Amino acid sequence: MAGAYILTLFTMRYQERVLGLILVSPICKAPSWTEWFYNKVLMNLLYFYGMCGILKECLLQRYFSKEIRCSVQGAEADIIQACRRLLDERKSLNVMRFLQAINERYDLTEGLENLQCRTLIFVGESSQFRDESVYMSTKMGKKTCALVEVEACGSLVTEEHPYAMIIPIEFFLMGFGYHRQPYFASSSTIGSNPSSSTIGSNPTSPSSRCCIAPELLSPESLGIKLKPIKTRVDIDVKV
Numbered sequence: 281m282a283g284a285y286i287l288t289l290f291t292m293r294y295q296e297r298v299l300g301l302i303l304v305s306p307i308c309k310a311p312s313w314t315e316w317f318y319n320k321v322l323m324n325l326l327y328f329y330g331m332c333g334i335l336k337e338c339l340l341q342r343y344f345s346k347e348i349r350c351s352v353q354g355a356e357a358d359i360i361q362a363c364r365r366l367l368d369e370r371k372s373l374n375v376m377r378f379l380q381a382i383n384e385r386y387d388l389t390e391g392l393e394n395l396q397c398r399t400l401i402f403v404g405e406s407s408q409f410r411d412e413s414v415y416m417s418t419k420m421g422k423k424t425c426a427l428v429e430v431e432a433c434g435s436l437v438t439e440e441h442p443y444a445m446i447i448p449i450e451f452f453l454m455g456f457g458y459h460r461q462p463y464f465a466s467s468s469t470i471g472s473n474p475s476s477s478t479i480g481s482n483p484t485s486p487s488s489r490c491c492i493a494p495e496l497l498s499p500e501s502l503g504i505k506l507k508p509i510k511t512r513v514d515i516d517v518k519v
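Under our numbering, the first residue of the sequence shown carries the number 281, and numbering increases by one thereafter.
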């Protein structure tokens, strides 16, 4: 989706700052004429009627599977009700700008073959973006990209079936050496090799071969302006 598209575009421009990507229902191609026209219809609905009922249904259909939208018990799932409330709170102008930005995206296909970082893609079996996710995975190749399709799930895998993501993400991070040794390791082994209990200590892991300079991750280097955060704590002073 849009967030995955932005992350992919960022990685293409700043490959030295990215070790790996975890994408959910990504898009990488320019919109087809059917998608472009569909988004135009949604924008017109927003312009003339605001966040009306039919527009909510179109957006929910885009992101959620039929199984969760049409419950067997007849009652809507909590997440669907929460999304309806969130859509009511959104300004129509902001949603129109979002749809317009999606319609104006350009094709990233040529840059996919040059991506060297490992990528893990999640997509629902009934997602509207499934074909594009499969296409993206094929272009990147099996050496650097793994595709996980979740059954009976729409585009928002993180919301419908978050537990299906745990094991693939765990193995994905282990490939970078981000894991700990078993807790039952003997003290003698740990004493002879103290680094064995640290994260990412394997010298042959990708994390040791590909390091990112700390200065590249600073907010200033990334072009991010952060506001200072103030924490207030009430303290009772006894005299």
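C-beta atoms are modelled at their ideal positions from N, C-alpha and C, and glycine is treated no differently. None of the values given here were measured: they were computed from a predicted structure.
Per DSSP, residue 389 is not a residue of any beta strand (DSSP E); the alpha helix (DSSP H) it occupies stretches across 389 to 392.
In terms of Cβ geometry, residue 292 and residue 395 form a close pair [threshold 9 Å].
Cβ-Cβ distances below 6 Å link residue 398 to 300 and 424 in the same chain, with the five nearest sequence neighbours on each side left out; the list follows chain order.
For residue 302, the enclosing beta strand (DSSP E) stretches over residues 300 to 304. In terms of Cβ geometry, residue 306 and residue 319 do not form a close pair [threshold 9 Å]. Annotated three-state conformation of residue 429 is strand, per DSSP. The criterion of a C-beta distance shorter than 9 Å is satisfied by residue 359 and residue 439. If you draw a straight line from the Cα of residue 416 to the Cα of residue 365, it is about 33 Å long. Checking the DSSP bridge columns, you'll see residue 398 partnered with 300. Secondary-structure assignment with DSSP links residue 404 through a beta bridge to 430.
Judged by beta-carbon spacing, residue 413 lies beyond the 9 Å limit of residue 345, meaning their Cβ atoms are not closer than that value.
Counting along the chain, residue 363 sits inside the alpha helix (DSSP H) bounded by residues 358 to 369.
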